[in-house]
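Read in order, the letters of the sequence shown correspond to residues 1 to 422 in the UniProt record's numbering.
Built from N, CA and C at the ideal position, the CB exists for glycine as well.
Predicted model only: the values in this text are computed from it and were never measured.
One structure is given here, and the rest of the page talks about it.
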Amino acid sequence: MAGFKQYSSPNYCVFIVASLTFAATGCLAHHRPPSAVKAAYYPSWTTSFPASAINTSLFTHIFYAFLAPSNLTFKLEISNSTSISLGNFTSTLRYADPPVKALFSVGGEGSGDHFVSMASEASSRRIFIKSSIEVARKYVFDGVDLDWEFPLSPNEMKLLGRLMKEFRNEIKKEAHLTSRPALLLTAAVYFSSDSFLSGVPRSYPAALMAKSLDWINAMCYDYNGAWSNITGPNAGLFDPSSNVNTVYGLKSWIRAGMPLEKIVMGLPLYGRTWHLKDPNVNRIGAMAVSPGPGNGMLSFFEVDNLVKENGAKVVYDVDTVSVYTVVNWSWVAFDDALTITTKIGFAQALGLRGYFFWALSFDKECVISTQGNFFGTTCDSRTLNLCYSSILLLNVNYLKCLYKNDKFKYQISKNNTSKIDQ
1 MAGFKQYSSP NYCVFIVASL TFAATGCLAH HRPPSAVKAA YYPSWTTSFP ASAINTSLFT
61 HIFYAFLAPS NLTFKLEISN STSISLGNFT STLRYADPPV KALFSVGGEG SGDHFVSMAS
121 EASSRRIFIK SSIEVARKYV FDGVDLDWEF PLSPNEMKLL GRLMKEFRNE IKKEAHLTSR
181 PALLLTAAVY FSSDSFLSGV PRSYPAALMA KSLDWINAMC YDYNGAWSNI TGPNAGLFDP
241 SSNVNTVYGL KSWIRAGMPL EKIVMGLPLY GRTWHLKDPN VNRIGAMAVS PGPGNGMLSF
301 FEVDNLVKEN GAKVVYDVDT VSVYTVVNWS WVAFDDALTI TTKIGFAQAL GLRGYFFWAL
361 SFDKECVIST QGNFFGTTCD SRTLNLCYSS ILLLNVNYLK CLYKNDKFKY QISKNNTSKI
421 DQ
């Protein structure tokens, strides 16, 4: 992790613990917006997981991934097969009990060139925005999600800001002219408001985004992977050695002017894998030589099967609030029921709008997706206990015993050294 920005762990953690304690002792109700977001992205290309397989009772909003504008016309051009898929998706959510809000997401991984081409001119932005609203209304969607991964320069950040502002204005106009509820407008964004890991330093126009969007989906994952030869957590809540962690990212968005009630925290339903250089050297930070099983990525249910079939031990790391497992030469970083519950409790206590999962088909039995049922509930003893538990689990001094459940056995990682309550 050399070259990453460093932070003072004691001061950093005091800020978070104080915020969590204030929110929890304030009974949460004063900080909870009326419409909590419990969301997930639906990968439309997955033939083994149709929309009808979604457990809609677990979610308030689901994003259809992905649509893309044409490089020539800048419109969302919908093929016959996509038209059928969109219709099946929205009808499934609309007739669920209770109904679930449906949004489609534009872009996705590697979508930067499409967005730059479209957003560079006012005329092409207008075409794209008009087309998006038309598609949303035709297929009975409740909103649109912009997933530009990722703006690579300060100028591209400005273009993104203009696109969002103009999109919001058109949504207002359309709602007024048609007397229909305004469409939702959201954006999937980098985990941090500032990009500092590669390329030109650049920051999202957070203040403008706060005015234009209903909320942001912060992608709080992919912090480590087989693109590096050093193992590490996929979605660490903390990281004592760098700023590549969820708490830093959320704090950067808050400092940049994004209201808490407009931040939705992303959670992964998959793990990152490595092939170790030495299977006996297998802690976080161990050397690896290549991607592990699944060419560097496994869905949660694949990780679950790997652990069960090999009787593998799952190690809980207090410093990062993450788990990993080692199977022979393979090292797998992932999130399970314990870490997901902790993170969702953290989001609840901090007063965030909600959480989302990427992606639904990776947790077919909903082992992980069920962990957020308490989010957004009134201040009862169970909710407070979960929120306080999320605070205590961040502090190595409070974690004195092994955690066990029906699925995995945990051991406390031996490399835990930082303390929150200094």
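Counting along the chain, Ile54 sits inside no beta strand (DSSP E), nor does DSSP assign it H or E at all. About 5 Å separates the beta carbons of Val264 and Trp215, which is inside the 8 Å limit, making them a contact pair. Annotated as distal: Phe334 and Ala39, with beta-carbon spacing of 8 Å or more.
In the DSSP annotation of this structure, the continuous segment of the alpha helix (DSSP H) that includes Lys173 starts and ends at Pro154 to Thr178. The distance from the Cβ of Phe89 to that of Ala102 is about 6 Å, consistent with a contact at the 8 Å cut-off. DSSP places Met287 outside any alpha helix (DSSP H), giving it a letter other than H or E.
For Ala39, the enclosing beta strand (DSSP E) starts and ends at Val37 to Pro43. The criterion of a C-beta distance shorter than 8 Å is not satisfied by Leu76 and Cys366. Excluding its 5 nearest sequence neighbours in each direction, Asn282 has C-beta neighbours in its own chain below 7 Å: Leu276, Val326 and Trp331, listed in chain order. Taking C-alpha positions only, Val189 is separated from Asp147 by approximately 7 Å.
With contacts defined by Cβ atoms closer than 8 Å, Lys158 and Pro205 form a contacting pair. Secondary structure remark: continuous beta strand (DSSP E) runs of at least 3 residues inside the stretch 234–301, in chain order: 263–268, 270–276, 288–291 and 297–299.
Residue burial is scored here from C-beta neighbours: Asn80 has fewer than 16 other C-beta atoms within 10 angstroms and is therefore classed as exposed.
In the structure shown, Ile62 adopts extended strand secondary structure according to DSSP, grouped into three states.
Listed in chain order, the non-local C-beta contacts of Leu260 below 8 Å within the same chain comprise His31, Ile254, Leu350, Gly351, Leu352 and Arg353, local neighbours out to five positions each way being set aside.
Exclusion of the five residues before and after Ser44 leaves Tyr64, Ala65 and Ser85 as the residues of its chain whose Cβ lies within less than 7 Å of its Cβ.
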